[in-house]
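Per my numbering, residue 3 is the first one in the sequence shown, and the count goes up by one each step. Notes to accompany the following structure.
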Amino acid sequence: MSRILVVDADSVFTSQIKPVLESAGAMVEITDDPRTGTELATSGKYVAALVAAELPGMSGYSVCNRIKRTNGDFKVAIISSGDTPETFAQHQKHKNHADLYLLKDEGAD
């Protein structure tokens with residue numbers, strides 16, 4: 003069973019995404035702390051991480067950079083409710099960019 007890490011302080015989003023990922027057969031762990039998320043993601047226990055761009059105390063882009071610097075093959079998706087496709091395009095130019103960028107739909111149920 004694949005293990006996926008979700009690093010996001012948005013409890014509404016995490017309560018919605020967790021059952022979806024679990025129904026696809028993944029084990030899901032959630033943390034709202036970016037430092038804990040970085041440590042967990044680099045532990046070798048997870049196949050991928052969904053990382054919010056907006057985190058308390060550290061940006062998700064920094065978390066992504068730290069994870070990718072440790073393991074460039076680790077899959078990271080950045081999820082944002084406030085960024086634009088242009089912001090994503092800028093980050094994608096960096097050496098340690100995410101593998102996928104997603105915009106949250108704040109109006110979705």
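Yeah, the Cβ is synthetic: ideal placement off N, Cα and C, and Gly gets one too.
Where A50 and L104 are concerned, what is the direct C-alpha to C-alpha distance, given to the nearest angstrom?
14 Å
Could you name the residues of the same chain whose beta carbon sits closer than 6 Å to that of F90, not counting the 5 residues immediately before and after it, in chain order?
Y103
Name the residue from S4, S45, M3, K77 whose alpha carbon lies nearest to the alpha carbon of L52.
K77
CB of I80 within 8 Å of CB of Y63, strictly
yes
Considering Cα atoms alone, identify which of P87, N67, T86 is closest to N98.
N67
Near A55, what residues of its chain come up, given a Cβ to Cβ distance below 6 Å and the 5 sequence neighbours on each side ignored?
G62, I80, S82, D85
Look up S64 in the DSSP assignment and say whether it is helix, strand or coil.
helix
Which stretch, first to last residue, makes up the alpha helix (DSSP H) that contains T86?
Taken as a continuous stretch (DSSP letters only), T86 belongs to no alpha helix (DSSP H), as it is neither H nor E.
Roughly how many whole angstroms lie between the Cα atoms of L7 and V30?
6 Å
By a C-beta neighbour count over all protein chains shown, 10 Å radius and 16 as the cutoff for buried, is V9 buried or exposed?
buried
Alpha-carbon to alpha-carbon, D101 and K70
10 Å
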